[in-house]
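Remarks on the structure that follows.
2 protein chains.
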Amino acid sequence: MIERRDVFQAIADPTRRMIILKLSHGPLNITKIGEDFGISKQAIAKHIKILNECGIISMSQKGREQVCEAQLGQLDEVTDWVTESRKLWNQRFEKLDKFLKETKQ
Amino acid sequence: MIERRDVFQAIADPTRRMIILKLSHGPLNITKIGEDFGISKQAIAKHIKILNECGIISMSQKGREQVCEAQLGQLDEVTDWVTESRKLWNQRFEKLDKFLKETKQ
DNA sequence: TATAAGAACAACCATTTGGTTGTCCAAATG
DNA sequence: CATTTGGACAACCAAATGGTTGTTCTTATA
């Protein structure tokens, strides 16, 4: 099986984004995370697994509870990519500006 | 069918991210975009459609060619969400810092 | 100790996704 | 005019996705 898990795919799902948002206020166990979502705890656990696999959240056992904590440093990959794309995109306009200034004379 | 197209889902696919990167250097037609990807032009056209539907690229007819241009302002939604999540996440540490300073005395 | 609660594991299911091929049409080009 | 070329449309397919239920196991708790 090819490990296709990446951060971009992880944040693509709205439920997972909600989980991240919820966890950004502080660590919670799986049951707590699942509250207020209209889906089964098992479904939540699957989302948690995906988020964990790509490093967005970390897990720690505490008695019978599995405590999840956000590790949002992993989101750098996303902002880096957006920033890089936009940098190139903006350079395009700068080149056009330069061209327009040169031909104006 | 529910319109589930959003920017997060659009950038989840690596091929689509490559397309965006390619277009951030300047507009291209569908055939040009498809070059160097090992997949069919039809597959590329489908990706283009998705990117267009969520506003990341715009299309304009030019003779028989369909010219695609990046509209990376739409990526704000992504950076905004990441920024907001991280803001909350950092506040968590600030609260902890405050607590530690207060109890140290 | 009996029971409730947190979570893992597995099997299953419908829908979506990312890709394919084939046909067809309009616009360039020899 | 004949032929490429750019692209649209449709049908189809395998795999992935997001969800379900049922069982089991361990840890708390009344």
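Protein chains in written order, with numbering that gives the first Met the number 0: chain A, 0 to 104; chain B, 0 to 104. We put the beta carbon where it would ideally sit given N, CA and C, even for glycine.
| Considering only C-alpha positions, which residue in the set A11/A, S23/A, E64/A, E93/A is nearest to I29/A? | As a working mapping, residue 29/A is identified with position 30 in the first sequence. I29/A has its Cα closest to that of E64/A, out of A11/A, S23/A, E64/A, E93/A.
Where do the ends of the beta strand (DSSP E) carrying E68/A lie? As a first step, residue 68/A must be located in the first sequence, where it is residue number 69. Unbroken beta strand (DSSP E) run through E68/A: 64 to 69.
Item checked: Nearest to S59/A (by Cα), restricted to the options E52/A, C53/A, C67/A -> Position 60 of the first sequence, counting from 1, holds the residue named residue 59/A. The shortest C-alpha separation from S59/A is found at C67/A.
*Which of helix, strand or coil does DSSP assign to I18/B?*
On the second sequence, position 19 is the one that residue 18/B refers to. Correct three-state label for I18/B: helix.
List, in order along the chain, the chain A residues whose C-beta lies closer than 7 Å to that of I10/B?
-> Position 11 of the second sequence holds residue 10/B. The answer, in chain order, is F7.
**Study point:** Contact list for T78/B against chain A, beta-carbon separation under 7 Å
**Key:** In the second sequence, residue 78/B corresponds to position 79, counting from 1. Within chain A, the residues near T78/B are T78, V81.
S57/B versus H24/B, T82/B, Q70/B, E101/B, residue with shortest Cα-Cα distance
In the second sequence, the residue the question calls residue 57/B occupies position 58. Answer by Cα proximity: Q70/B.
Quiz item: Three-state secondary structure (DSSP) at G84/A?
Solution: Position 85 of the first sequence, counting from 1, holds the residue named residue 84/A. The displayed chain sequence assigns Ser, not Gly, to residue 84/A. Residue state, collapsed to three classes: helix.
**For A11/B and I55/B, believed in contact at Cβ under 8 Å, the rounded distance** = Position 56 of the second sequence, counted from the start, is the residue given in the question as residue 55/B. Position 12 of the second sequence, counted from the start, is the residue given in the question as residue 11/B. No, I55/B and A11/B are not in contact; Cβ-Cβ is about 12 Å, not under 8 Å.
Q. What separation, rounded to the nearest whole angstrom, lies between the Cα atoms of L27/B and C53/B?
A. By 1-based counting over the second sequence, the position of residue 27/B is 28. By 1-based counting over the second sequence, the position of residue 53/B is 54. Going by the C-alpha atoms only, they are around 18 Å apart.
Once you ignore the five residues that flank F36/B on each side, which residues in its own chain have a CB closer than 6 Å to its CB?
One-based indexing of the second sequence puts residue 36/B at position 37. Its chain contains no residue whose beta carbon lies nearer than 6 Å to that of F36/B once the 5 sequence neighbours on both sides are disregarded.
Three-state secondary structure assigned by DSSP to I43/B = Working through the second sequence from its first residue, we reach residue 43/B at position 44. If DSSP states are grouped into helix, strand and coil, I43/B belongs with the helices.
Q8/B: first and last residue of the uninterrupted alpha helix (DSSP H) it sits in: On the second sequence, position 9 is the one that residue 8/B refers to. Q8/B -> alpha helix (DSSP H) spans 6 to 9.
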